[in-house]
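Chains as they are written, first to last, in this note's numbering: chain A, 1 to 278; chain B, 279 to 455.
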């Protein structure tokens with residue numbers, strides 16, 4: 001059965017048409033603009049997967065694909081970790097990921113799949129291993145304009161190398177996690193009121209989901225923050241959400257805080273807290 | 279028999295947004311029941327470059343460009359001209375999702391075309407203190423999954439720089455967790 005080619009064709013077509021509509025809405029696309037899908041990858045077996053990288057700019061561009069390490073801090077920021085400073089778990093993660101290609105030249109509107117797979121060693125301890133895959137546009141050097149050349153002054157030509165990183169998570173063996181919500185409160189942040197919530201996590205696995213706050217008797221969530229990840233290197237994460245004045249005013253009375261799996265992963269409840277803010 | 283077709287989420291989302299239909303594709307590709315698995319996608323567009331304009335350098339000093347586009351060229355021995363602009367980026371992804379922005383933390387060296395190892399002082403300009411307009415370098419995408427940010431920085435002159443065009447690159451990345 002020629003199932004695979006059909007699948008690839010369908011995807012290619014969908015993504016290609018997506019670009020033509022994208023370029024309509026963003027006419028100032030620059031060299032190296034990119035689209036990556038999906039935005040996180042979980043590998044939990046021998047089967048590999050693909051990430052699609054597309055050039056949504058208006059010029060041919062070269063992209064470099066690499067693996068990097070990040071550690072999550074309690075404020076949720078992902079801090080870069082140099083390879084020399086990597087711990088055993090991070091080194092094992094870097095060592096087990098296979099991917100290709102590592103460099104792609106794409107004409108405008110063209111997608112390409114990056115294949116990846118995990119090859120955990122036989123004696124690898126159970127656990128969750130993680131790297132962050134980076135997709136970066138490598139710009140071509142620009143011609144210096146006459147206006148710049150004629151100058152007896154100092155001028156600067158800055159080339160941004162920009163891109164995105166997405167987590168690649170390998171779950172090896174039996175891993176679990178539990179989560180709990182604590183201390184929801186409204187605080188005055190740098191730029192106005194913020195909702196501060198602590199989410200605690202225990203176990204070997206990360207948790208990932210959406211944080212929703214609902215008010216008794218109101219269906220629509222008062223606050224919704226999606227894609228809240230808590231990685232195994234931290235036991236709790238402080239989540240801060242900027243509130244509009246209306247949201248801040250409504251953040252009173254009987255409230256329910258829920259941390260749920262993302263809807264596309266089933267939306268299962270990870271943690272909940274019913275509380276009252278006065 | 280059931281076949282599964284995976285589409286990029288951008289494709290599906292855009293079709294929905296633009297009131298078009300991608301049913302034709304699905305039907306061409308598979309004759310049996312088709313199940314679409316929606317993949318979240320993330321896009322990054324660079325909509326403006328970081329530009330400090332031009333400068334006449336008579337002595338030591340710094341020129342800084344705040345993330346809101348304000349140029350501070352108050353150093354006594356430096357005269358700025360031309361238009362300065364911050365780098366700007368558009369991000370599109372999952373609605374209501376927070377993404378973090380990574381900016382360079384150290385010094386970036388910008389080199390004159392005549393740069394050699396022996397002429398570091400007069401042929402190198404240091405660029406550092408990158409800043410974004412996002413609080414805590416974190417942005418939360420809006421209900422439509424869109425967000426944007428700007429990036430500024432500071433250039434430091436030691437006063438010995440010769441005239442000319444200095445070139446360098448800097449890394450900006452958007453992190454999905």
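Backbone N, C-alpha and C define an ideal beta-carbon position, used for all residues, glycine too.
Which residue's Cα is closest to the Cα of residue 328 (chain B): B:343, B:339, B:336?
Taking only the C-alpha atoms, the option nearest residue 328 (chain B) is B:343.
Can you find a C-beta in chain B that's less than 8 Å from the C-beta of residue 37 (chain A)?
It does: the Cβ of residue 37 (chain A) has a partner Cβ on chain B nearer than 8 Å.
So residue 262 (chain A) and residue 209 (chain A) are in contact, right, with Cβ under 8 Å, and what is the actual spacing, rounded?
The pair is a contact, with the Cβ atoms about 6 Å apart (cut-off 8 Å).
Would residue 237 (chain A) count as contacting chain B if we go by Cβ distances under 8 Å?
Not closer than 8 Å to any Cβ of chain B, the Cβ of residue 237 (chain A) fails to qualify, so no.
Per DSSP, which residues does residue 252 (chain A) bridge with? Please list them.
Paired residues: none, contrary to the question.
Check whether the Cβ of residue 337 (chain B) lies closer than 8 Å to any Cβ atom in chain A.
No, because no Cβ of chain A sits closer than 8 Å to the Cβ of residue 337 (chain B).
Taking C-alpha atoms, which residue in B:451, B:445, B:411 lies nearest to residue 190 (chain A)?
It is B:411 whose Cα lies nearest to the Cα of residue 190 (chain A).
Does any residue of chain A bring its CB to less than 8 Å from the CB of residue 427 (chain B)?
No, residue 427 (chain B) lies away from the interface with chain A (no Cβ there is under 8 Å from its Cβ).
Grouping DSSP H, G and I as helix and E and B as strand, with all else coil, what is residue 401 (chain B)?
Three-state result, residue 401 (chain B): helix.
Is DSSP giving residue 96 (chain A) helix, strand or coil here?
In the structure shown, residue 96 (chain A) sits in a helix (DSSP, three-state: H, G or I).
Between residue 449 (chain B) and the rest of its own chain, which residues show a CB-CB distance below 7 Å, the 5 nearest in sequence each way excluded?
Result list for residue 449 (chain B): 382, in chain order.
Does DSSP put residue 374 (chain B) in a helix, a strand or coil?
Three-state result, residue 374 (chain B): coil.
With residue 381 (chain B) as the anchor, note down where its beta strand (DSSP E) starts and where it stops.
No beta strand (DSSP E) holds residue 381 (chain B); DSSP gives it neither H nor E.
Here's a check: name, in chain order, each residue in its chain whose Cβ is nearer than 6 Å to the Cβ of residue 136 (chain A), leaving out the five neighbours to either side.
64, 161, 163, listed in sequence order.
For residue 205 (chain A), which of helix, strand or coil comes out of DSSP?
Residue 205 (chain A) falls in the coil class under three-state DSSP.
State the DSSP-derived secondary structure class of residue 107 (chain A), mapped to helix, strand or coil.
Residue 107 (chain A): coil per DSSP, three-state reduction.
Count the other CB atoms, across all protein chains shown, that sit within 10 Å of the CB of residue 300 (chain B); report buried if there are 16 or more and exposed otherwise.
Its pLDDT being 40, under 50, residue 300 (chain B) is placed unreliably in this model, and the value from its coordinates should be taken loosely. With 16 or more other Cβ atoms within 10 Å, it is buried.
Checking contacts by CB at 8 Å: is residue 330 (chain B) closer than that to chain A?
Output row for residue 330 (chain B): interface = yes.
Just the chain C side, please: which residues come within less than 9 Å of residue 449 (chain B) by C-beta, in chain order?
No chain C appears in the structure shown, which is made up of the protein chains A and B.
Closer than 9 Å between beta carbons: that is the criterion. Which residues of the segment 174-190 of chain A meet it against chain B?
Listed in sequence order: 189, 190.
Whose C-beta lies closer than 6 Å to the C-beta of residue 274 (chain A) among residues of the same chain, with five residues either side of it excluded?
Result list for residue 274 (chain A): 256, in chain order.
With respect to the beta strand (DSSP E) encompassing residue 153 (chain A), which residues constitute its N-terminal and C-terminal limits?
Segment: none, residue 153 (chain A) is in no beta strand (DSSP E) and carries neither H nor E.
Below 8 Å on C-beta distance, what does residue 433 (chain B) contact in chain A?
The answer, in chain order, is 156.
Taking the alpha-carbon positions, what's the residue 194 (chain A) to residue 133 (chain A) distance?
Near 31 Å, if we compare the C-alpha coordinates of residue 133 (chain A) and residue 194 (chain A).
To the nearest angstrom, report how far apart residue 73 (chain A) and residue 277 (chain A) are at their CA atoms.
Cα to Cα, the separation comes out at about 27 Å.
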